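**Q** Quick note: the sequence shown uses the numbering used here, first residue 45, plus one each step. A virtual CB, placed ideally from N, CA and C, is assigned to each residue, including glycine. Just so it is clear, the structure is predicted and the values come from calculations on it, not from any experiment. The structure is given below, and queries will be raised subsequently.
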Amino acid sequence: MHRLTRCAAPLVAAALLAACAADDGATVDRATTSATTEPAAASTGSTTSTTGTTVPSTTAATALAADSCPALPERAAPDPDRPVYEVDMAADPATGVVEGTQVVRFVPDLPVDRVVLRLWANGPRPASVGTSIELGAVAVGGRPAPVGQPDPTTAVVELGRWAPAGEAITVRVPWRLTVGGPVNDRISRQDGSLRLGSFLPLLAWEPGVGWSVDPPTSGFAESTSSPTARWSVSVDVPEGLGVVATGSEVAPGRWEVDAARDVAVSIGRFTVSTATAMAPEPVEVTVAVHDGIDDGAVYVDRIVTALESFASWYGPYPWPAYRLSITPDLSGGIEFPMHVLQGPGTSGRTTPHEVAHMWFYGLVGNVQGRDPWLDEGLATWAEGRIEGTLPDMAVRSLPADGDGRAGAPMTYWEGRSASYYRSVYVQPAAALHRLGDDALVDCALAHYVAENAWSLATPADLWRSLDATFVDWRTALGPAGLAPG
């Protein structure tokens, strides 16, 4: 049971803590490409595509390693030396100008001679409407530091020396973001609203590996890879506007969160619906709908059901709140920890898909440019579990350029957007379903979440969790291109 309330007053401050699914059509990525309607899935048997290959049957002779789910380990804790962001910003939807200053404290676990920041606001999709972010004078440890920009989405701050592993590095970065106009993306401005996701300079560090500099893509934004961090974000907006921002409000206009890998801010004139989910601890659910959009309370029940179901399958929801903001000109959903951005009319399967991303991306991250399937495929699995659509996914035809390539990086999918959804979202979920026991797949995923919480996981981490539950999971996942070669 949950409570439901509605009010018409602006949401002046909402606490939050971050691609994906377009309702009744293709699921879209974190940059939400324009959705193309997917063909109806067959309900039984094998299906042959004129552009692809025959899909295997839904059954697989896969021996189970355990008759029941092995005991779960204690969930991993965030790195005590995780980065710390302190952000002060002012935003005006009327002009599209967002000005900010951030101080980032970073403790690398490997020696470094530079700090790499990703500027996703300069990616191809935002840039197509004139959106851009520029940096001011950057300082390291209080001293000016030279900054190079090998491409529009990458800023390299030179330290001038090698800093050893374990040494704290503090970088001060002033920036100015100009949001050019409406675009089906994480950063957009329309009808007095601002949608801001992955909008400020982000550390691109992969612990144990180094700097992650995957190239941006024109059709998708599955290239972010941010380590879990502590955040303190102050947002100033013109009077009369509401703010939905990552974190819990600790002072007027300032939000903090102890562990999140990215942040999002929504600004507009919102009508609000609220509820409480038990996942299993109380979770405050808020749906904020911008003026002129005929959506609202319809989302609340679906969010509550998804939160409670996924918490029972994959482990407790890790934050005290879940916030959804509905703003114009967005065909699907874009997830951020605790805060999801969706567009009008996306109350269908988009909603549980985005909730699932709180576990598969928010809690357990991955390098999306290298392994986009690792969060999208698992979120689609969870979506299919709660929607009852896994059998249909298992017999869906696959495009020829995607069959067996579910594990391909984003560089492969550049220019193949028509094949991306069925190949990277549906194909992994279908392969997991062919293991033959959905409950034991959930068991393996619960182990994956517990063991890799707050980290940037790799496919090998998932394989280890499958090894604990299934003797020969490679039989089902190998043909999809998701087993070690």
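Measure the beta-carbon distance from Y405 to L489 and round it to whole angstroms, keeping in mind my assumption that it falls under 8 Å.
**A** Reading the sequence shown from its first residue, position 361 is the one you call residue 405. Reading the sequence shown from its first residue, position 445 is the one you call residue 489. With 8 Å as the limit, Y405 and L489 do not qualify as a contact, their Cβ atoms being about 13 Å apart.
**Q** Compute the beta-carbon to beta-carbon distance between L530 and A209, rounded to the nearest angstrom, for a pair I have assumed lies under 8 Å.
**A** With the chain covering only 45 through 529, there is no way to say anything about residue 530.
**Q** Contact check, W164 vs T268 under 8 Å by CB: the rounded distance?
**A** Indexing the sequence shown from 1 puts residue 164 at position 120. Indexing the sequence shown from 1 puts residue 268 at position 224. So it is a contact: roughly 7 Å between Cβ atoms.
**Q** Between the Cα of V281 and those of W275, R460 and A289, spot the shortest distance and give me the residue it belongs to.
**A** On the sequence shown, residue 281 is found 237 positions in, with the first residue counted as 1. The shortest C-alpha separation from V281 is found at A289.
**Q** I'd like the span of the beta strand (DSSP E) that includes Y343, first residue to last.
**A** One-based indexing of the sequence shown puts residue 343 at position 299. For Y343, no beta strand (DSSP E) run applies; the uninterrupted alpha helix (DSSP H) run containing it begins and ends at V342 to Y358, by DSSP.
**Q** Counting Cβ pairs, one atom from each stretch, are 3 or more of them under 8 Å apart for the segment 188-198 and the segment 156-170?
**A** yes
**Q** Does the distance from the CB of A308 to the CB of H401 come in under 8 Å?
**A** For the purposes of this step, residue 308 is taken as residue 264 along the sequence shown, with counting starting at 1. For the purposes of this step, residue 401 is taken as residue 357 along the sequence shown, with counting starting at 1. It is not a contact, given that the beta carbons lie outside the stated cut-off.
**Q** Got a sec, what are the start and stop residues for the beta strand (DSSP E) V141 sits in?
**A** As a first step, residue 141 is located in the sequence shown; it is residue number 97 there, counting from the start. Taken as a continuous stretch (DSSP letters only), the beta strand (DSSP E) holding V141 covers V141 to F150.
**Q** Quick check on the DSSP output: the beta strand (DSSP E) that includes P194 runs from which residue to which?
**A** Mapped onto the sequence shown, residue 194 falls at position 150. Looking at the DSSP string, the run of the beta strand (DSSP E) that includes P194 is V191 to D195.
**Q** Using a Cβ-Cβ cutoff of less than 6 Å, which residues in the same chain neighbour R126 once the five nearest sequence positions on both sides are dropped?
**A** Working through the sequence shown from its first residue, we reach residue 126 at position 82. Same-chain partners within the cutoff: T272 and A273.
**Q** Compute the Euclidean distance between the alpha carbons of A85 and Q193, then round it to the nearest angstrom.
**A** Here residue 85 is taken as the residue at index 41 of the sequence shown, counted from 1. Here residue 193 is taken as the residue at index 149 of the sequence shown, counted from 1. Only weak support is given to the placement of A85: the predicted model assigns it a pLDDT of 32, under 50, and the question is left unresolved by the model.
**Q** For D481 and R440, what's the separation of their Cα atoms in angstroms?
**A** Counted from its first residue, the sequence shown places residue 481 at position 437. Counted from its first residue, the sequence shown places residue 440 at position 396. In a straight line, the C-alpha of D481 is about 19 Å away from that of R440.
**Q** Give me the Cα-Cα distance between L385 and V331, rounded to the nearest whole angstrom.
**A** Counting from one through the sequence shown, the residue named residue 385 turns up at place 341. Counting from one through the sequence shown, the residue named residue 331 turns up at place 287. The alpha-carbon atoms of L385 and V331 are separated by roughly 10 Å.
**Q** Here's the rule: buried if 16 or more other CB atoms are within 10 angstroms of the residue's CB, otherwise exposed. What is V399?
**A** As a position in the sequence shown, residue 399 is number 355, starting the count at 1. Per the 10 Å Cβ criterion, buried.
**Q** List the residues that DSSP assigns as beta-bridge partners of E178.
**A** Position 134 of the sequence shown, counted from the start, is the residue given in the question as residue 178. Answer is R220.
**Q** Using alpha carbons as the reference points, say which of T513, N410, P170 and D132 lies closest to V142.
**A** Taking the sequence shown and counting its residues from 1, the one referred to as residue 142 is at position 98. Nearest C-alpha to V142: D132.
**Q** Considering only the alpha carbon of each residue, which of L203, S375 and L221 lies closest to T214?
**A** Taking the first residue of the sequence shown as position 1, residue 214 is located at position 170. Nearest C-alpha to T214: L203.
**Q** Judging by CA-CA distance, which residue of A319, G312, A323 and P324 is the nearest neighbour of G336?
**A** For this step, residue 336 is matched to residue 292 along the sequence shown. The option with the nearest alpha carbon to G336 is G312.
**Q** Distance check for C113 and T197, CA to CA, integer angstroms please.
**A** Here residue 197 refers to the residue found at position 153 when the sequence shown is read from its first residue. Here residue 113 refers to the residue found at position 69 when the sequence shown is read from its first residue. Each residue's alpha carbon lies about 43 Å from the other.
**Q** Looking at the structure shown, is Y366 part of a helix, part of a strand, or coil, going by DSSP?
**A** Within the sequence shown, residue 366 is the residue found at index 322, counting from 1. Three-state result, Y366: strand.
**Q** Figure out for me which residue from S232, D123 and D516 has the closest Cα to the Cα of L479.
**A** Start at 1 with the first residue of the sequence shown, and residue 479 comes out as number 435. Taking only the C-alpha atoms, the option nearest L479 is D516.
**Q** Tell me the residue span of the alpha helix (DSSP H) that contains V28.
**A** Residue 28 is absent from the structure shown; the chain starts at 45 and stops at 529.
**Q** Contact check, G525 vs V468 under 8 Å by CB: the rounded distance?
**A** Taking the first residue of the sequence shown as position 1, residue 525 is located at position 481. Taking the first residue of the sequence shown as position 1, residue 468 is located at position 424. Their Cβ separation, rounded to whole angstroms, is 10 Å, which puts G525 and V468 out of contact at 8 Å.
**Q** Span of the beta strand (DSSP E) holding L238?
**A** Residue mapping note: residue 238 aligns to position 194 of the sequence shown, counting from 1. Element bounds for L238: S237 to G241.
**Q** Do you know how far the Cα of R346 is from the Cα of Y361?
**A** Locating residue 361 in the sequence shown gives position 317, where the first residue counts as 1. Locating residue 346 in the sequence shown gives position 302, where the first residue counts as 1. Straight-line spacing of the CA atoms in Y361 and R346 works out to 16 Å.
**Q** Please classify A181 as buried or exposed, where buried requires at least 16 neighbouring CB atoms within 10 angstroms.
**A** Translated into positions along the sequence shown, residue 181 becomes position 137. That one is exposed.
**Q** Quick one: using the 10 Å Cβ neighbour count with 16 as the cut-off for buried, is G472 buried or exposed?
**A** Counting from 1 along the sequence shown, the entry for residue 472 is found at position 428. According to the sequence displayed, residue 472 carries Pro and not Gly. So P472 ends up on the buried side.
**Q** Could you check where the alpha helix (DSSP H) with R449 kicks off and where it finishes?
**A** Translated into the one-based positions of the sequence shown, residue 449 becomes position 405. First-last for R449: undefined, no H or E at that position.
**Q** Going by the DSSP bridge assignment, what does A334 pair with across the sheet?
**A** What you label residue 334 is simply residue 290 of the sequence shown in a count that begins at 1. Strictly speaking, residue 334 in this sequence is His, with Ala absent from that position. In the DSSP output, where bridge partners are listed per residue, H334 has F314.
**Q** Apart from the five residues just before and just after Y464, which ones in its own chain have a Cβ nearer than 6 Å to its Cβ?
**A** Position 420 of the sequence shown, counted from the start, is the residue given in the question as residue 464. Correct list, in chain order: W457.
**Q** Tell me whether D195 is buried or exposed, calling it buried when 16 or more other Cβ atoms sit within 10 Å of its Cβ.
**A** Here residue 195 corresponds to residue number 151 of the sequence shown, with the count starting at 1. It counts as exposed.
**Q** Roughly how many whole angstroms lie between the Cα atoms of V348 and I430?
**A** By 1-based counting over the sequence shown, the position of residue 348 is 304. By 1-based counting over the sequence shown, the position of residue 430 is 386. Here the alpha carbons of I430 and V348 stand approximately 12 Å from one another.
**Q** Let me know the secondary structure DSSP gives V493 once reduced to three states.
**A** Here the question's residue 493 lines up with position 449 in the sequence shown. Helix at V493.
**Q** Using C-beta distances below 6 Å, list every residue in its chain close to V294, excluding the 5 sequence neighbours before and after it, in chain order.
**A** Counting from 1 along the sequence shown, the entry for residue 294 is found at position 250. Around V294: E300.
**Q** Work out the CA separation of V151 and A212 for me, nearest whole Å.
**A** Looking up residue 212 in the sequence shown gives position 168. Looking up residue 151 in the sequence shown gives position 107. So the two alpha carbons sit approximately 5 Å from each other.
**Q** Look at the alpha carbon of P523 and the alpha carbon of M437, and state the distance between them as a whole number of angstroms.
**A** Along the sequence shown, one-based indexing puts residue 523 at 479. Along the sequence shown, one-based indexing puts residue 437 at 393. Cα to Cα, the separation comes out at about 15 Å.
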